[in-house]
Structures are given as structure tokens and as C-alpha cells.
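These notes are about the structure you will find just below.
Protein chains: 2
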Amino acid sequence: MRTEIRIVIADDHQILLDGLSQALDSIPDLNVVGAILDGTQIAAAVATYTPDVLLVDVEMPGTSGISAISQIANLPPTLVVTMHTADEYGNAAREAGAVGFLSKSTPLPELAAAIRAVADGKNLLETDDVAALLDDYRAPTLSSAADSITEREREVLRCLVRGISRTEDLAEELFISQKTVKNHLASIYEKLGVNDRAQAVVEAMKLGLDRDWD
Amino acid sequence: MRTEIRIVIADDHQILLDGLSQALDSIPDLNVVGAILDGTQIAAAVATYTPDVLLVDVEMPGTSGISAISQIANLPPTLVVTMHTADEYGNAAREAGAVGFLSKSTPLPELAAAIRAVADGKNLLETDDVAALLDDYRAPTLSSAADSITEREREVLRCLVRGISRTEDLAEELFISQKTVKNHLASIYEKLGVNDRAQAVVEAMKLGLDRDWD
DNA sequence: TAGCTAATGGGTCGAAAGACCCATTCGGCT
DNA sequence: AGCCGAATGGGTCTTTCGACCCATTAGCTA
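Line by line, the protein sequences are chains F and S.
When we follow the numbering used here, the leftmost residue of the first sequence carries the number 49, and every step to the right adds one.
When we follow the numbering used here, the leftmost residue of the second sequence carries the number 49, and every step to the right adds one.
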């Protein structure tokens, strides 16, 4: 199973670049390794960061995103993003080697799903029912450590993140004995590879175990 | 001192809206309370969320951002954002009641500074040296609890967030005795209003005490 | 049916943490 | 000269935690 999907984003608007980077990075299985403002540096960024997925804006000053990617050797699975709703660039994007084409009006969870799909080798431009395909990729691919955490254990973690950390308080909150709380915690520690509540909190937040899906 | 600045964002591009919301929200003193895709709902959103600052894209389908805000009663301090670098809309924005005008090529920290400045009553359109003004608003306004945390105490917190939680390990990492570690922790607990390491970690991450400014 | 896991619970024990008292040193500021 | 806060350190005491052993029940599934 893939642990994290490495992403490079290219867009000439700093705000979108910053915002999108942070938004994608906050999704546990997505990792933005490079963000570039300049279309001419796409090739260099791809070579440097070796991303699993490349995200490119069509509208770029100087070189257009499309012509930029068409010249890249060993192009990773690439999603082209446009400001406009019309897919006037759709064919051009396909010819340049892109495997997906999205509007900037796409909701973030759908973009995330598209990223996971193309990272998995799918080609959105050659798929009839794109919506159905993306449905298969909605949920983040959790790390093996995280997905062995049971529902009850996640409840314990959520309490920890909410500031309920004493065994006694956890027991009251969850309507179980203090002993059971300790058993759950011990199980959590083992699965996350940590030794105490403080480390468990850090891991839970990093892995997104404290929230109920993006 | 203001605790958190309440922000409403209006932009017709879902991705930018999602990304920017999350990016701004992750800054400790900024709080995105509303994000709307439709320019016609700006007035309603302002009435509902009563933001301290309004962020509007000029280019919106149907109603333009500018004409939308010009019709709003009790307009909060408003920043107008545009895709284009040229400030062709600058005058129109001013006349509509905006107090700032930014390109989407603005770096995020500068946008954050602009938000703080206008929330503080400044008018960027009537300021000669905007850069100098924004410099005064670079750093997040920390909550009173957080800014009494000393540098050494923050080092302890950073270690905790990095997974170093045992007193012995903290002592080694920081080259001090275990007793001093305990003293720092006790001081942190008091300032953050918590009782143990796990809660301190949660608070530190929430307040952004674990990172070195955005 | 047999086997597996999740969830619940028990007990013990040593190590660790947290709460309280305190002192010293070094800056900066008044 | 005097004060204060930050950083360093000490001691003691009680509570809590984590590690290790264990059992029971329910539910699923092979």
C-alpha cells in the first residue's frame, strides 16, 4: 500500500498555490513536495522532487501549462486545472500527456479523489463514468498503522485531542471502567508505535485520526 | 487585544475557496467563519456571520464583486482580490467601499498581514507606504495565554510535538536537568491552563506554538 | 463448530509524572 | 541599589501511568 502520494503543484497565483498546498497537505495521505509559480520550472521541479502526481494550471504566464508538460520526459501522472468551466483545453491536455482535466470549481474532496485515482494509474480522460471512478477514491488511504485502529480506540483518541487526558475522565466520558481505558490506550500505543498519551495525540493529529473524514 | 479575526471569503472558484479558507484558518489569529461561492449571497453572508473582515474576488459570475459590496449596508472592512496583476479595478474598489486591493499573486503571509491591518481599522488604499504598514502586522497576534510562553518553554513544546515526551529524553535533548524540564512543564501547564503533556500538545498545536511563524 | 477479534473487565508493580515547597544566577529595567 | 522575570537546579510526596499477566462476552466467519 502506498503511504503518501507526493505532489508537485504549478500555478502562477501565489494565493492559490499557498492555499491549495496547505489544504492538500492537511489530508493525511497527500503530501505536497513542491509548489512552483513559474511554468518554465515545471520540468526542473519534476526532476528534483520526483512527484507521484503533477498538478498544473493551464493559464500560466510565458509558457502555458499544456505546452510545458508536453515537453517533459518521464511525465508523472498529471492533472491539468483550469479557471474556466468549459473544457476547451481538454483535447490539448490529453495530447500533451495529461491524464485528467479539472476546473478550479471542483470541490476539494473531489480533487483529492482525482489525485488518488491518477496516482493509482487511472486515466480520467479515458474513463466513461468519472464520478463513479472517483467514488472509489473518496476516502484517504490510511497508513497501515492507522487503519488497524478500531472505532472504539478512535473514540479514545478523539477524547485525548479534545483535552480529556486523565484515565478517570476518559472512563467517565466513554462509560467504561478505567481499566478498559488503559487497555484501549495500550492497544493504541502498540499500533501507533508510541509510549504515552502525548505521543499518541501527536500521531493521531498527524494521521487525521481525530477527524471524521475530509 | 483581539482574540481572533472573523473572516468571510467570497470567490467563485471552489478550489481557491477551500484552499484559502484552510490556509487562513490554520493561522492562529485568523478564523474563517464563512466561505461563499456565489456573489449574490455576499450580503446575506455578511449579515449572518458578522465578519471582522470580508475578502471578495472581483471576478464573479453574475454580480461582480465590486458592485456586490457597493450595495451592502454596514460593510465590514473589505479586501478585494483579483486574478490580474494590474490594478485596473483599484478606483472602482475604493468607490465601492473597499479598504484594500490585492492580487492573487500576493504571498499568503502578506495577505494575512493585510487582513490584520484592515481588521485594525487601517485603509490600505489611503496609505502611502503599504509595505511598511503591513510590516507592522506580519506576526500573528497571539492570544494572551500564548504570548506569555517564553522561548525556552516553546522549545519544550516543540520537543513534545516532535514526539519527545519523556522527562529524561527532554532533559537530554535540551541539555538541562530533569528537574528543570519539570519546572518548565509546570510553568507551561499554568500558562495554558492544562494539567499534563497530552493536553499541552493539543494546545500548542492549536495555538501554533510549535511552528516558527507562518 | 472452531477460531478469531473487539470490547469489556480484573490485578499487581515499578516507574514516571505532577503538585507543592524551595534556592541560585543572570539579565534587564527602574 | 534594588526589583523582577527567565532559566537553572534541589527535595518530597502523592497520584497516575504504563507494562505485564490474565478472563469473559459477543460477534463474525471460515
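From the three backbone atoms N, C-alpha and C, an ideal C-beta is built for every residue, glycine too.
Predicted model only: the values in this text are computed from it and were never measured.
With a cut-off of 7 Å, does the C-beta of S:Lys152 fall near any C-beta of chain F? By 1-based counting over the second sequence, the position of residue 152 of chain S is 104. Yes, its Cβ sits closer than 7 Å to a Cβ of chain F.
Cα separation between F:Ile120 and F:Ala83? Counted from its first residue, the first sequence places residue 120 of chain F at position 72. Counted from its first residue, the first sequence places residue 83 of chain F at position 35. Straight-line Cα distance between these residues: approximately 17 Å.
Flag this pair as touching only if the region 238-246 of chain F and the region 220-230 of chain F have three or more C-beta atom pairs under 8 Å; answer yes or no. no
Closer than 9 Å at the beta carbon, the chain F residues around S:Ser196: The count along the second sequence starts at 1 and reaches residue 196 of chain S at position 148. Here the premise fails: no neighbours, minimum Cβ distance about 20 Å.
Smallest Cα separation from F:Ser74: which of F:Ala162, F:Pro157, F:Leu181, F:Ala179? By 1-based counting over the first sequence, the position of residue 74 of chain F is 26. Checked all of F:Ala162, F:Pro157, F:Leu181, F:Ala179; the closest Cα to F:Ser74 is F:Pro157.
Quick check on DSSP: helix, strand or coil for S:Asp105? The residue you call residue 105 of chain S lines up with position 57 of the second sequence. Correct three-state label for S:Asp105: strand.
Pull up the distance between the alpha-carbon of S:Arg202 and that of S:Arg214, whole angstroms please. Along the second sequence, read from residue 1 onward, the residue named residue 202 of chain S stands at position 154. Along the second sequence, read from residue 1 onward, the residue named residue 214 of chain S stands at position 166. Near 16 Å, if we compare the C-alpha coordinates of S:Arg214 and S:Arg202.
Could you check where the alpha helix (DSSP H) with S:Ile53 kicks off and where it finishes? Position 5 of the second sequence, counted from the first residue, corresponds to residue 53 of chain S. Run containing S:Ile53: none in the alpha helix (DSSP H); it sits in the beta strand (DSSP E), 53-58.
Segments of 4+ residues assigned as alpha helix (DSSP H) that fall wholly inside the region 165-215 of chain S: 178-183, 192-195, 199-209
Would S:His61 pass as an interface residue toward chain F - the criterion being a Cβ-Cβ separation below 7 Å? In the second sequence, counting from the first residue as 1, residue 61 of chain S sits at position 13. Yes, S:His61 lies at the interface with chain F (some Cβ there is under 7 Å from its Cβ).
Mind checking which residues open and close the beta strand (DSSP E) that includes F:Thr130? Indexing the first sequence from 1 puts residue 130 of chain F at position 82. From DSSP, the beta strand (DSSP E) with F:Thr130 extends over 126-130.
Hey, is S:Met49's beta-carbon within less than 7 Å of any beta-carbon in chain F? The residue you call residue 49 of chain S lines up with position 1 of the second sequence. Caution applies to S:Met49, whose pLDDT of 48 falls short of 50 and renders its modelled position unreliable; the value that the coordinates give is listed next. False, the Cβ-Cβ gap to chain F never drops below 7 Å.
Run of the beta strand (DSSP E) containing F:Val81, from where it starts to where it stops: For the purposes of this step, residue 81 of chain F is identified with residue 33 of the first sequence, where counting begins at 1. 78-84 is the extent of the beta strand (DSSP E) around F:Val81.
So F:Ala71 contacts chain S; which residues on that side make the cut at Cβ distance below 9 Å? In the first sequence, residue 71 of chain F corresponds to position 23, counting from 1. Here the neighbours are Ile63, Asp66, Gly67, Leu68, Ser69, Gln70, Ala71.
Where S:Glu220 falls, given that 16 or more other Cβ within 10 Å makes a residue buried: Counting from 1 along the second sequence, the entry for residue 220 of chain S is found at position 172. So S:Glu220 counts as exposed.
How would you list, in chain order, the residues of chain F whose beta-carbon sits under 8 Å from the beta-carbon of S:Val147? Residue 147 of chain S sits at position 99 when you count from the first residue of the second sequence. Under the 8 Å cutoff, chain F gives no residues; its nearest Cβ is about 18 Å from S:Val147.
Test item: CB-CB of S:Val129 and S:Asp100 under 7 Å: Stepping through the second sequence from its first residue, residue 129 of chain S is reached at position 81. Stepping through the second sequence from its first residue, residue 100 of chain S is reached at position 52. The answer is no: Cβ separation not under 7 Å.
Unbroken alpha helix (DSSP H) run spanning S:Ser69, endpoints: Within the second sequence, the letter at position 21 stands for residue 69 of chain S. From DSSP, the alpha helix (DSSP H) with S:Ser69 extends over 62-73.
Going by CA-CA distance only, name the one from F:Leu172, F:Arg210, F:Ile197 that's closest to F:Ile236. Numbered from its first residue, the first sequence carries residue 236 of chain F at position 188. If we check each option's Cα against that of F:Ile236, F:Ile197 comes out closest.
7 Å Cβ cutoff, F:Leu208 in contact with chain S: Walking along the first sequence from the start, residue 208 of chain F turns up at place 160. Yes - at least one Cβ of chain S is within 7 Å of the one on F:Leu208.
For S:Gly67 versus F:Val250, is the C-beta distance shorter than 7 Å? Position 19 of the second sequence, counting from 1, holds the residue named residue 67 of chain S. Position 202 of the first sequence, counting from 1, holds the residue named residue 250 of chain F. No; because the gap between Cβ atoms is not below 7 Å, this pair is not in contact.
If you run the structure through DSSP and keep just helix, strand and coil, what is S:Pro157? Within the second sequence, the letter at position 109 stands for residue 157 of chain S. S:Pro157 falls in the helix class under three-state DSSP.
Reference F:Leu222, options F:Lys239, F:Leu181, F:Asp168, F:Glu199, closest by Cα: Taking the first residue of the first sequence as position 1, residue 222 of chain F is located at position 174. Cα-wise, what sits closest to F:Leu222 is F:Glu199.
Of all Cβ atoms in chain F, is any one closer than 7 Å to the Cβ of S:Ala246? What you label residue 246 of chain S is simply residue 198 of the second sequence in a count that begins at 1. Cβ-Cβ to chain F under 7 Å: yes for S:Ala246.
Could you check where the beta strand (DSSP E) with F:Ser151 kicks off and where it finishes? Counting from one through the first sequence, the residue named residue 151 of chain F turns up at place 103. Its beta strand (DSSP E) spans residues 148-151.
Residues of chain F with a CB under 8 Å from the CB of S:Val249: which are they? Your numbering for residue 249 of chain S matches position 201 in the second sequence. What S:Val249 touches in chain F: Ala246, Val249, Val250.
Run down chain F in chain order and give the residues with a C-beta less than 9 Å from the C-beta of S:Gly211. The sequence position of residue 211 of chain S within the second sequence is 163, counting from 1. Correct list: Val242, Ala246, Gln247, Val250, Glu251.
State the Cα-Cα distance for the pair F:Ala146 and F:Pro125, rounded to the nearest angstrom. As a working note, residue 146 of chain F is residue 98 in the first sequence. As a working note, residue 125 of chain F is residue 77 in the first sequence. Spanning the two alpha carbons is a distance of roughly 7 Å.
Inspect the beta-carbon positions of S:Ala194 and S:Leu255 and report whether they are closer than 7 Å. Position 146 of the second sequence, counting from 1, holds the residue named residue 194 of chain S. Position 207 of the second sequence, counting from 1, holds the residue named residue 255 of chain S. In this structure, S:Leu255 lies closer than 7 Å to S:Ala194 by Cβ.
Since I believe S:Ala160 is in contact with S:Leu78 (beta carbons under 8 Å), could you give me their beta-carbon distance rounded to a whole number of angstroms? Taking the second sequence and counting its residues from 1, the one referred to as residue 78 of chain S is at position 30. Taking the second sequence and counting its residues from 1, the one referred to as residue 160 of chain S is at position 112. The pair is a contact, with the Cβ atoms about 6 Å apart (cut-off 8 Å).
Taking just the CA atoms, how far does S:Val204 sit from F:Asp60? Mapped onto the first sequence, residue 60 of chain F falls at position 12. Mapped onto the second sequence, residue 204 of chain S falls at position 156. Cα-Cα distance, rounded: 39 Å.
Using the beta-carbon of each residue, which ones in chain F are nearer than 8 Å to S:Leu159? Locating residue 159 of chain S in the second sequence gives position 111, where the first residue counts as 1. Neighbours of S:Leu159 on chain F, chain order: Ile63.
In three-state terms, what does DSSP make of F:Ala121? One-based indexing of the first sequence puts residue 121 of chain F at position 73. The answer is coil: DSSP assigns F:Ala121 none of H, G, I, E or B.
Within the same chain, show all residues whose beta-carbon is closer than 7 Å to that of S:Lys170, passing over the 5 residues directly before and after it, in chain order. Counting from 1 along the second sequence, the entry for residue 170 of chain S is found at position 122. Excluding sequence neighbours, S:Lys170 sits near Leu181.
Among F:Tyr97, F:Tyr137, F:Met131, F:Ala140, which residue has its Cα nearest to the Cα of F:Asn265? Residue 265 of chain F cannot be examined here, being either before or after the span of chain F that is shown, 49 to 262.
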